[in-house]
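Chains as they are written, first to last, in my numbering: chain H, 1 to 139; chain A, 140 to 267; chain Z, 268 to 770; chain L, 771 to 861; chain Y, 862 to 976; chain D, 977 to 1133; chain C, 1134 to 1899.
Just so you know, even glycine gets a beta-carbon here, dropped at the ideal spot from N, CA and C.
Since the structure is predicted, the reported quantities are computational estimates derived from the model, not experimental observations.
Here's the structure we're looking at; comments come further down.
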Ligand code: NA
Ligand code: NA
């Protein structure tokens, strides 16, 4: 299925959607969005590219095996739960670190964000594993 | 005043949406129905979103309104192209009153490559 | 320090995640498989001991006070179940080193196993009803994936039924949770127990309880909801069958125990009478189903159902002794049933089939296997002095105490029929001479390869455990007694979770 | 004033929805149904636009944003299906 | 509104159940999709429905400036949606493979495993 | 492209100098940067066309919106009246646009405007097949599409 | 004491290795254990003879009142002496008899374990411990009966024995539990010492349940059929299990419980009548049989019937008769079975018709066979004679149904003589018959020792009855009776009614023996009757019926049709929810639709319409497209009611779902209409009922809402404690992060599953 229009639009949309997905991920704590939604958008972007080209090139574009993404995301999510345990707190107790970034002011970064990134990666990995497997089976 | 403008955009936009709906219902074949949705759909939704932009008139709303409209304008034609192409390829019949079909016979059944008609190919060079 | 409460969930989750991240290395997966389950055993036993010493332990996840965050609660019932998970997990992991082929390992056998264990433990420990649903799903999807590992036609057919009926169950559970949340505005089980007392009309609670009963009934494979089990349990890898047989339905039983002691105790006379009928019919239909089978794993599968009936019976009678019996039965059954499936795997390894008609002669060639089969088989049938006898005895005694004669009769009869089935396997697989005119292809193609001892060691270990419980049942009894005491007095659980702040 | 406009807009959108659904049911070909589905996605955007105004909550615009970005994926999927030679006699 | 939703959700359950009772495995999957939507909407309804009160805290504030819709129910539904998607993906691929090995889209041809 | 990059850099410098990290300030910086580039550096070859792009872009948007509304009204008329007035046809339109981006943008614009709908690009990228709704005068149809193409290319090139 | 009981099991565990080490003489080596036990138990005699008891208790599961408590009194002492004493001869005998058998090591395991179980059974004072050993004897005897396990007949017989005895055993368990509750203790001695069991409301059920256990174990009519079949076991097993020990467990139990449960009319009638009928049936069947072991087995049935009857009668004489008879029978039956083994071993004879005139070839064997048979026939001066006299006396004095019992006893006595003659005369005397094997020499000493000692004891005890009486029989009778008895056994009671009956029956019996062939022929027709309505036939029918009903049930329930499974579950749910709602009369409040706005009607209408389309449309992908529309509708519902995150997620998931379906449906065929209209209507009705039910439950829930949600806390703490303004997201990643963790694992698992499903195909396996 070679479509010049789809491929071009896809090439344009891929970075746009990926950027958008990271935007959704990062702002999810304050506005609609978050790890799931971001992950789903990112996965959709890649799926779009998948449809625009053949599986092999899609995999080449992807460069990493989605199953690795899956494993890393899962590990990240669990590990984010652990730090609290070292301070005698229950698992999943959020740890916040405040940075004073020049020009941006006070920035709060926490294990919660790490968890959300884990979610984001798992969603991407899972959706892509499923879609790639299916698309491959189709060919 | 803002309310009036907003209302105007909403109603007109929704009106175009209705046109799109009617078009998709009443038009005789796939391609003509797609005219209705791509144009009236995008315009209708766009106008209504403009209404939103006008109503709130804040940057973050405007940015999102523009983004939505932009995305719609980017994606709707691509979708239309894909559907139309697929429909044509699988042989969805054209309306009986269609005057001319230069696409006919140009697709290769197996490779899905699309040839360009020899007559048309030279034309732009002549003009340019 | 309550860290230990969460570890039985965290450890297998981490093991699953890491072994998935390392999916390309077979060796890493095998190593993590054994180390992960060993660690699980360690933390589980630790948790049980801590719970025994200190009473109900609670971890408020994320540091959010109950009922606003999710709590993990280790009461005696939960801690017992967690230890049982480890008791099945470790032997199965060792067994799998030899019993699961490289191609299955490559497609995620070990991560799936860890995550199944994690889901099961999560379900046992959570004190939040929505979180229970989530763990159910973790366990369920892991089991889906394990079930189809192999791609055989029978697996697909079985899986469709398994998946559909279990999904129906999940949706009913989710609906029930939604309704309870609508009714009380809370999800914490202890808080639910408190707030449901304030509902003016307990009728709607009992109606919602019916949804839970059906949902958990499906998960537990009780009558008349068990259809998915016989359709699927004999199709996956043997190690998977053993894992399922030991754990999955018991999570349903556990959920029934939890829900119908802590949350739905508004009208015990009504709900538990229904449970009693469910128990009796489950026992009967399951055991009759087994009597009609001539394939080793199918027989064992149907017996899971009938044994589930005994466990539910303990809950249904709802006396201290009955609950002790139910809990005792769960402990006994998990060990024994998993072991029987593992034995069936060795039989398959040796003979290439599970069909009784094509099997035979194993007593002559592998007498030790006969012994290893006899111990769990006779225990399953409730023969003394094995673990199953005490389990059955307690239930019968409890039944006599409340003079529920018919259920005592059914329990006894089913015991006899169970013995019949086990003896059928014994006579056909072990005693009978190897039939000569069998399908050569089936018999001549046993899985080759060494490492049989890796399969036998876990079996022997579980058999010893069965024997141990039989010969020294007092500690097990004490555990079950504590669990029953806690279950019949929900205020202990509520107090531990809410600490007086919730009500 | 704005309330009336919103009601009118809702009504028009509702009618459009009705017609789209009719096309969705009637087909006759799969691409026809997909076109109807695409329009329904656009109509959903329209609905959200009106609702953002009547509710005054701009957070819902994000839904429209995501919808505009991804809804066409379904159409792409159907198109791919057809081109790959899915069952044409389906309808 | 909840009253009407109760009827709508009931309708969705009915549609789902009807589809699940068909012989075609494809219809079975459609039934499952409907079922999970029905359950999500049930939670949404049971928790109570509020118009135009998204559970967001305005920038710079500590709490929302007034009542908001129940965020907990929304979080539950979100979780349920994603779980439902995972499970559905599995189920869909399962029927695909089942069709491949059985060669028919007919549940009645899939009963060898039972007895 | 280089010119656009410069413009963005200027906008960012503006934002950091003014110290207000808001979207509106970025926009202001961009417009200011454009004006500066278009005025101060108009003799540099890199920026030669850049000054003209602003007005051309604005004009093109205006043209496009006009066409959009016009075509929609026509479709609306056709839809709302009982009889079909249209005379559809599929034509092959020879392209001047060459790059992927140009072709795609053109195709999308065509789909969004006057009774035309892009169906596909030939594999040799020379011809765009277009479904035309009102095929009354073939030459006029071609001419109006060509008009849009050239206007678009003016902005892009 | 614990060691004494467990020693059998312990030695059993290592028996194969002992056997391997000691080789040919393993029989003697292993027999040392029962021998030692015999001596050990003998040491109790002085204390027991004085009417004492010795009790040992070891904790087991105190929480359940289960302990390993053992009581040595007259009754248990009598039994343990028989068990260990005969056990000694059996084990040593088996060492020779099975010498060439390949599985002899396993045989030792089983026979020793069996012995241990039997010792435990008779010594146990705790009801549950008793039951444990009771069941252990069933299982070990199962394994022993099926010793020749490759023979289908042996397996059948073993199963039969097991089912009957375990079935009875389970009834016994229920009886024990009830007994313990009625008696207030799980210790037998305490239960029996207590008062009022006979008047307890549960008396009759307890009695019936206990009798079910005892009668099946002791092969009382109609459960007698399994015992002759158990002869499939090797001869030493038959000798041990089916003469001296296991089958007497039932009798033991009756004797043991007599003080507590006996003495009522029910006890008397049931026991004496069942016992009497069993007695006659046994002896009659024995007289009709020709197989060596069959004759002996049926005569065992007779003996068990006799014992049961006597315990039922329960008078002093009867009890004394019972313990005497018990001992006499054990001695002569043990001897005779062992001799049967010699017949088989030396002459290859399994049937009396194959035998005759072996006296010259096997003179020693003949002698011991003859004295054992004399004891069996109750001929003076054998110990059997004393027992028979006492039995007749007890029957004549029986408080009720004496006439019936006497008639049964007289008939039994006559036929008993016939049986004794068959056993004691037929093989040895008369013309020499060609036997399958020509006996060249006597059996080896190990095999002759048992018959010799046991047979001689029968004679010795007859001549000197004070020997067994002192210490053992007297105390045993006292234990059974429940009070000390003055037991004075003597050979000669003067000329009385029992003696007359004995004499007459001796003559009649011998006369019958001369007509044995005609006797058998005259009753040949009974075979047909037994085959069509006999208890064994009933057993077979029951088992067949079981399998048939199991089959039927499985076909009905587990029918393979997913939709019937679903239907069953849904109907169950409808019924349970419906009935519950009805019983509790749940209320739903006022229905109000007034507040609904136009856009809400529209969106809901569209959603339902899309659902309806998805259900009814004929096109598969059309259905998928409608699902997409449905998804947008649902997303709009979320948006209209304040859930932007959910709305976004719904949109994304819906899109991905559609893509997934499209990818997967690629190869699947179009919808088929497979159901008839009637079925569709049925399904629609059920589906609508379920939907209606859910609506009803939701309405009632909404009506009954009792609390505000805990989410007020989340709203208040989201920004201050969670540092996030999107409350839903703060819940997802912080307040309820564990849910989210589980959920991403679900997603990951689904992905792994899908990956495996697609890439791991059965057909790829090479
Ligand atoms: Na399950
Ligand atoms: Na979640």
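Contact list for residue i against chain A, beta-carbon separation under 8 Å
i, result
"residue 3 of chain H", "220, 221, 224"
Cutoff 8 Å: residue i Cβ touching any chain Z Cβ
i, result
"residue 78 of chain H", "yes"
Local Cβ density within 10 Å of residue i, reported as buried at 16 or more and exposed below that
i, result
"residue 862 of chain Y", "buried"
"residue 1146 of chain C", "exposed"
"residue 108 of chain H", "exposed"
"residue 574 of chain Z", "buried"
"residue 1015 of chain D", "exposed"
"residue 1533 of chain C", "exposed"
"residue 1235 of chain C", "exposed"
"residue 333 of chain Z", "buried"
Own chain, CB closer than 7 Å to residue i, minus 5 neighbours either side, in chain order
i, result
"residue 730 of chain Z", "606, 639, 642, 643"
"residue 1512 of chain C", "1518, 1639"
"residue 724 of chain Z", "361"
"residue 677 of chain Z", "547, 550, 551"
Other residues of its chain near residue i: CB distance less than 6 Å, five sequence neighbours each side excluded
i, result
"residue 1114 of chain D", "none"
"residue 510 of chain Z", "359"
Closer than 9 Å at the beta carbon, the chain H residues around residue i
i, result
"residue 1325 of chain C", "Near residue 1325 of chain C there are no residues of chain H at all, since even the closest Cβ is about 59 Å away, more than 9 Å."
Residues that residue i contacts on chain H, provided the C-beta gap is smaller than 7 Å
i, result
"residue 217 of chain A", "5, 6, 9"
"residue 174 of chain A", "Here the premise fails: no neighbours, minimum Cβ distance about 17 Å."
"residue 1768 of chain C", "Within chain H, no residue comes near residue 1768 of chain C; the closest Cβ sits about 12 Å away, beyond 7 Å."
"residue 1097 of chain D", "4, 5"
Chain H residues whose Cβ lies nearer than 8 Å to that of residue i
i, result
"residue 1883 of chain C", "126, 130"
Proximity test, residue i beta-carbon vs ligand 3 heavy atom, cut-off 7 Å
i, result
"residue 1737 of chain C", "The model depicted lacks ligand 3 and carries ligand 1 and ligand 2 instead."
Interface flag, residue i vs chain C, CB-CB below 8 Å
i, result
"residue 963 of chain Y", "no"
Under 7 Å from the C-beta of residue i: neighbouring residues of chain Z
i, result
"residue 946 of chain Y", "Those within 7 Å of residue 946 of chain Y in chain Z number zero; the least Cβ separation is about 11 Å."
Task: Cβ-based contacts, 7 Å cut-off: residues of the stretch 836 to 855 of chain L near chain C - done: 836, 837, 840, 841, 843, 844, 847, 848, 851, 854
- [ ] Identify each residue in the stretch 272 to 286 of chain Z for which the Cβ-Cβ distance to at least one residue of chain H is less than 7 Å, and report them in chain order.
- [x] 273, 277, 280, 281, 284, 285
- [ ] Name, going along the chain, the residues of the stretch 893 to 913 of chain Y whose beta-carbon falls closer than 8 Å to a beta-carbon of chain L.
- [x] 912, 913
TODO: With 9 Å as the limit, tell me which residues of the stretch 26 to 37 of chain H have their beta carbon closer than that to any beta carbon of chain C; keep them in chain order.
DONE: 27, 28, 29, 30, 31, 32, 33, 34, 35, 36, 37
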